[in-house]
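First the structure, in the form of structure tokens, and then the observations on it.
Residue numbers (our numbering): 256 to 410.
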């Protein structure tokens, strides 16, 4: 079960979270509709490579990553969108495109857009295209310690 590793991590840190099942959905709009989730809560994980190392970037699902801002934040010019073939083997228990934003469980850096600080909860894929996890932003930030910065256009 893809969510098992995440559940064990969250339970081990005595964090309150909710798991929601929904019909299969792949785009942010489909997920929000299927699970009745606000667009301000739904977040997505964007996989990038920074100096050849895999990293995660967490954004509101409706936003687009500004690579120039990420380059500035991490201090590298070698920042590119990762291809599925580059990271699919790193998350064997997860469906492609449904990785939860816990790079710390996989030994990789995590960056998050500072717009996420404005919300109380975040909702994200739990390793499948049929399950979501709702977690407080405060708990997520405490557990993952993402590098924060302005990472989207217009932010």
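Every residue, glycine too, gets a C-beta built ideally from N, C-alpha and C.
C-beta atoms of residue 261 and residue 381 nearer than 8 angstroms: Yes.
Beta-carbon proximity list for residue 256, same chain, < 6 angstroms, skipping 5 on both sides: With a pLDDT of 45 at residue 256, under the threshold of 50, the modelled position of that residue is not reliable, and the figure given next carries that caveat. Around residue 256: no qualifying Cβ.
Coil, strand or helix - residue 295 by DSSP: Residue 295: coil per DSSP, three-state reduction.
Own chain, CB closer than 8 angstroms to residue 407, minus 5 neighbours either side, in chain order: Result list for residue 407: 314, 315, 318, 319, 320, 321, 324, 368, 370, in chain order.
Bridge partner(s) assigned by DSSP for residue 275: For residue 275, which the question treats as bridged, DSSP gives the partners 387.
Whole-angstrom C-beta distance between residue 298 and residue 378, which should lie under 8 angstroms: Residue 298 and residue 378 do touch by the CB rule: their CB atoms are close to 7 angstroms apart, below 8 angstroms.
Pairwise C-alpha distance: residue 363 and residue 403: Here the C-alpha atom of residue 403 lies approximately 15 angstroms from the C-alpha atom of residue 363.
Cβ-Cβ distance between residue 303 and residue 334 below 8 angstroms: Yes, the pair counts as a contact, with Cβ atoms nearer than the cut-off.
Helix, strand or coil at residue 406 according to DSSP, with G and I counted as helix: Here residue 406 sits in coil by DSSP.
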